[in-house]
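All letters in the sequence shown, in the order written, are residues 1340 to 1935 by my numbering.
Even for Gly, the Cβ is constructed at its ideal location relative to N, Cα and C.
The block underneath contains the structure these notes are about, expressed in structure tokens.
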Amino acid sequence: MLFQIRPPAPKEADLTTVYDAIIVGSGAAGGMASHALTSHGLNVLLLEAGRKLDIESELKSMEWPYDHPRRGDMPRDSHAVTLNEYTVRQPPYAKDTQYKHVYSYVQGWNGSDYSKNIVVDEKDNPYTGTKYAWVRARLLGGKTAIWGRLALRLSDYDFKGKTHDGYGEDWPISYADIAPYYDKVDLYLGVAGHKENLPHLPDSLFQRTTRLNPSEVMLRQSLKKMNRVLTPYRAGVTTDGLKHNKYRSKCYGRGACNRRAGGCDIHAAFDSPTGLIYPAMDTGHLTLRTNSTAYEVTVDPATGKARGVAFVDSVTGKQYEAKGKAVVLAASTLESARLLLLSKSKAYPNGIGNSSGHVGHNFCEHVMGPSILGRVKDLVGKPRTLDDGRPGGFYIPRYRNLEDRQPKFLRGYGFEGGGGTGMVPGRATSTPGFGADFKKTVRDEAGAFVHMGGFGEVLSRYESSVSIDPDVKDRWGIPVLKFNYSFGDNEKQMALDMAATGKEMFEAAGIEVIHSDADILTEGWSIHELGTARMGSDPKTSVLNQFQQSHDVKNLFVVDGSSHVSASCQNPTWTIMALAWRSCDHLADELGKGNL
Ligand SMILES: Cc1cc2nc3c(=O)[nH]c(=O)nc-3n(C[C@H](O)[C@H](O)[C@H](O)COP(=O)(O)OP(=O)(O)OC[C@H]3O[C@@H](n4cnc5c(N)ncnc54)[C@H](O)[C@@H]3O)c2cc1C
Ligand code: SF4
């Protein structure tokens, strides 16, 4: 039977009250802000643009493909933007479409019918400018409903990148400042992994690790000789269980994580509602209002401080204002920048918190594309084993520009990958042949493949930016974002190196290379948007201080990835949550002292 505990009953929002804090957005950042602020006893209103989905019945994690009328595919009137469309066309991608619904590329993955209500319809949520694969999820929990769960820490190679190689800006914090909060996130949410003692990829407080299978162990052993590391996937999944959280189960190793776009219907994989928001509601201090699309941070003209948040009911179209002593934006990197820029007033003609002119700028993320597929000959014909009953395969941390200096590019990249037998034999559809021989080949080779793909740091550049397009509006009449962003030479050189070293590692391990790719995927593909309201010590060149607090408006905080100063090559979500927790502790402290 499905593990399911009913979510707490929501309280009615009281728009005549002045809340201690209003949070905008309920993903990783907003969920963590809800947890941290309510744990201080603050009276908090959480505004979420999307609806609350019955996510367990939406995901149906254990449904077999043949139980679905279209084997999991979306209805024919719906379309997922393809790689080619992203490459040759410019947004808005749903313009002049014949389809009723148009979704981002993640809907093209297996079982797209299970996530069609999770990602946004591009028709309702257009954007303009340069090409960009912008994946958004407007529902309670945001993108955490389907995130890939790789939960990594950053190190001082990232926080002090400028000190290390002279490029960009250092963060206004160092690893020592955030380490206690990474620990808190690990303990509160659970993360599975194996200690490696690497200075550039600090260990978490791990729960039971997932196991590597034979091809992965083979690669790990070979990489050791090259002074590189392959470690089991560091999954934001509780493998031992969490006694303090009744909404989540421990991982049963059902291997369902990767069958669809993502998501876990027993919530062993972290998602914001069960991990953070429901427990925060149980404190009695959190009021959640879904279907509430914020379009402006309102200002008290007498003090210049944030007064609250103006929002439109996403269903009825009615407009409201909620009032708060502090406003916490957590609408995701690009949506928070959009809100800051939309919030123009006499006091802030450039958008609130934007006296530096840096809001929307220094936009960065991860470059993806180079990948490699190999076959381990010794595993061909071996009996099938259960290899995908786990929440992830492996991770190879960065090995470039640590002690060495690469002549052609700055910073580094890591690889995510996996091998072994899956529910559906990996190469069944691309193996040539037919009949009995074909079936034998597919069965024999099912557990012999191993693959991996790179994620590289995209440099933060002032000119990489988003701005408001006054001519195009979304379904609710709110002006949309216009992108001015593309990869530079550093990313292109890095991608070439990824492809070369990926091949080099497989060959050194004796893995036969079946396919390798050096092409870069469209900007946005990594779904790791960062920057746009960066932290810093200098209010002239940054938007927020080290506590994600606006330099200009002291009761305004922006606690999502927009605050990141550089992208690192490690996935950002664990850092987003550790920083949000730290900043909300500061907010509560300052509010208590009457400083906001
Ligand atoms: C398929 C996939 C795989 C991923 N894999 C990984 C991974 O392995 N590791 C990793 O670290 N990260 C991964 N990510 C990225 C991760 O999901 C994000 O880093 C994380 O969710 C960011 O949290 P957030 O709160 O900033 O944004 P979101 O989770 O997007 O939440 C933002 C919320 O704000 C709401 N909102 C937006 N605008 C408004 C508004 N105007 N008013 C009110 N509410 C608003 C949205 O509806 C949403 O609920 C992945 C993402 C996807 C989609
Ligand atoms: S492998 Fe674990 S985390 Fe993934 S879907 Fe299954 S139970 Fe959930």
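Proximity winner among the options, relative to residue i (alpha-carbon distances)
| i | options | result |
| --- | --- | --- |
| residue 1605 | 1352, 1586, 1856 and 1626 | 1586 |
| residue 1379 | 1709, 1933, 1925 and 1894 | 1925 |
| residue 1910 | 1796, 1898 and 1844 | 1796 |
| residue 1583 | 1602, 1621 and 1562 | 1621 |
| residue 1939 | 1665, 1381, 1883 and 1838 | Absent from the structure is residue 1939, since the part of the chain shown begins at 1340 and ends at 1935. |
| residue 1744 | 1503, 1770 and 1789 | 1503 |
| residue 1845 | 1641, 1757, 1651 and 1766 | 1757 |
| residue 1813 | 1559, 1482, 1899 and 1633 | 1633 |
| residue 1688 | 1719, 1885, 1643 and 1406 | 1643 |
| residue 1597 | 1857, 1513, 1494 and 1445 | 1445 |
| residue 1955 | 1448, 1727, 1578 and 1601 | Any question about residue 1955 goes unanswered here, given that the chain covers just 1340 to 1935. |
| residue 1678 | 1721, 1388 and 1397 | 1388 |
| residue 1648 | 1363, 1348, 1350 and 1349 | 1363 |
| residue 1508 | 1696, 1880 and 1640 | 1880 |
| residue 1851 | 1886, 1829 and 1790 | 1790 |
C-alpha gap between residue i and residue j, whole angstroms
| i | j | result |
| --- | --- | --- |
| residue 1834 | residue 1859 | 7 Å |
| residue 1443 | residue 1855 | 25 Å |
| residue 1626 | residue 1710 | 45 Å |
| residue 1340 | residue 1400 | Low local confidence applies: a pLDDT of 44 at residue 1340 is under 50, so the model's placement there is unreliable, and no value is given. |
| residue 1580 | residue 1905 | 33 Å |
| residue 1701 | residue 1505 | 16 Å |
| residue 1930 | residue 1658 | 28 Å |
| residue 1359 | residue 1371 | 16 Å |
| residue 1863 | residue 1473 | 6 Å |
| residue 1483 | residue 1367 | 6 Å |
| residue 1420 | residue 1564 | 42 Å |
| residue 1356 | residue 1385 | 14 Å |
| residue 1889 | residue 1682 | 14 Å |
| residue 1918 | residue 1519 | 10 Å |
| residue 1825 | residue 1719 | 42 Å |
| residue 1345 | residue 1414 | 30 Å |
| residue 1750 | residue 1877 | 24 Å |
| residue 1811 | residue 1746 | 43 Å |
| residue 1611 | residue 1717 | 42 Å |
Within 9 Å, strictly: CB atoms of residue i and residue j
| i | j | result |
| --- | --- | --- |
| residue 1521 | residue 1492 | yes |
| residue 1786 | residue 1871 | no |
| residue 1572 | residue 1468 | no |
| residue 1425 | residue 1808 | no |
| residue 1529 | residue 1548 | no |
| residue 1545 | residue 1517 | no |
| residue 1806 | residue 1820 | yes |
| residue 1670 | residue 1896 | no |
| residue 1576 | residue 1607 | yes |
| residue 1566 | residue 1738 | yes |
| residue 1803 | residue 1703 | yes |
| residue 1402 | residue 1411 | yes |
| residue 1347 | residue 1617 | yes |
| residue 1406 | residue 1438 | no |
| residue 1480 | residue 1365 | yes |
| residue 1383 | residue 1624 | yes |
The alpha helix (DSSP H) enclosing residue i, as first and last residue numbers
| i | result |
| --- | --- |
| residue 1374 | 1367-1378 |
| residue 1809 | Unbroken run through residue 1809 is the beta strand (DSSP E), 1804-1812; no alpha helix (DSSP H). |
| residue 1501 | 1500-1504 |
| residue 1360 | Here residue 1360 belongs to no alpha helix (DSSP H); instead the beta strand (DSSP E) covers 1357-1363. |
| residue 1394 | 1394-1398 |
| residue 1386 | Not the alpha helix (DSSP H): residue 1386 falls in the beta strand (DSSP E), residues 1383-1386. |
| residue 1565 | Unbroken run through residue 1565: none, as it is neither H nor E. |
| residue 1921 | 1912-1931 |
| residue 1618 | 1617-1621 |
| residue 1780 | 1774-1784 |
| residue 1677 | 1672-1681 |
| residue 1519 | 1514-1528 |
Bounding residues of the beta strand (DSSP E) (the contiguous stretch that carries residue i)
| i | result |
| --- | --- |
| residue 1632 | 1631-1638 |
| residue 1823 | 1818-1823 |
| residue 1898 | Run containing residue 1898: none; DSSP gives neither H nor E here. |
| residue 1832 | Counting along the chain, residue 1832 falls outside any beta strand (DSSP E), though it belongs to the alpha helix (DSSP H) covering 1828-1847. |
| residue 1659 | 1658-1668 |
| residue 1424 | Premise fails: residue 1424 lies in the alpha helix (DSSP H), 1422-1427, not in any beta strand (DSSP E). |
| residue 1755 | 1752-1758 |
Any C-beta of chain D under 9 Å from that of residue i
| i | result |
| --- | --- |
| residue 1646 | Given the protein chain composition of this structure (a single chain), no chain D is represented. |
Do the stretch 1676-1692 and the stretch 1557-1572 meet, that is, are 3 or more Cβ pairs less than 8 Å apart? no
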